[in-house]
Structures are given as C-alpha cells and as structure tokens.
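Student: Positions 367 to 443 (this note's numbering) are the ones given, in order, by the sequence shown. We treat Cβ as the ideally placed atom computed from N, Cα and C, and that holds for glycine. Since this is a predicted model, take the numbers as computed values, not measurements.
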Amino acid sequence: LIGAILMLEDHIDGIVLISAFPCGPDSMTDDAIMRCIQGTPILNLMIDAQSGTAGVETRVESFVDILHLRKDGTVCL
367 LIGAILMLED
377 HIDGIVLISA
387 FPCGPDSMTD
397 DAIMRCIQGT
407 PILNLMIDAQ
417 SGTAGVETRV
427 ESFVDILHLR
437 KDGTVCL
C-alpha cells in the first residue's frame, strides 16, 4: 500500500484511510502510512459498530474542503 501511494503521490490530492476500530493490523498499517507519507493530507477514519453516518460525513466534507483550499493555495499543510 505504501509503495502504491509513493508511486502515485504526484497524482493524488489526499488519502482517506478507513479502518475498523477493533482491527489490530489496521492500526499498524495506518500508522506506518502516516509516518512514511509526508506532505500529502491523510484522513484516518476509524469506524466501529456504533458509528453514525453524520460524524463520518462531516469529517469527509471537511477533508475535501481542506483539499480544495490547499489546491487553491489558500491553506498550506
């Protein structure tokens, strides 16, 4: 996954990582991705059985807004 991200890094605006809360391997891979990938915005969504859609939608909308602002040069991450 890290290799694919690094290979396509110039063609992506941001990364959305979706993982299940109780899943151990996801926490390790997500952490490795965030340490290896520098300069690309990353949204890490942890979903559990109790998650409603409103919080997820709000976080994704905010992330997309940040990506738009970053592309316009308004925000620098």
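1) Helix, strand or coil, according to DSSP, for L374 in the structure here?
2) Can N410 and D396 be called in contact, C-beta distance under 7 Å?
3) Taking L367 as part of the alpha helix (DSSP H), name the residues at either end of that continuous run.
4) Given a cut-off of 7 Å on the beta-carbon distance, is the pair P407 and G439 in contact?
5) Please classify I384: does DSSP put it in a helix, a strand, or coil?
6) If contacts are defined as beta-carbon pairs under 8 Å, then C402 and I368 qualify, I think. What distance do you get, rounded to the angstrom?
7) Can you look up I432 in the DSSP assignment and give me helix, strand or coil?
8) Can you give the beta carbon distance from M412 to F429, rounded, assuming they're within the 8 Å contact cut?
Tutor: Reading from the atomic positions:
1) coil
2) yes
3) Counting along the chain, L367 falls outside any alpha helix (DSSP H), and DSSP gives it neither H nor E.
4) no
5) strand
6) 5 Å
7) helix
8) 14 Å between Cβ atoms; not a contact.
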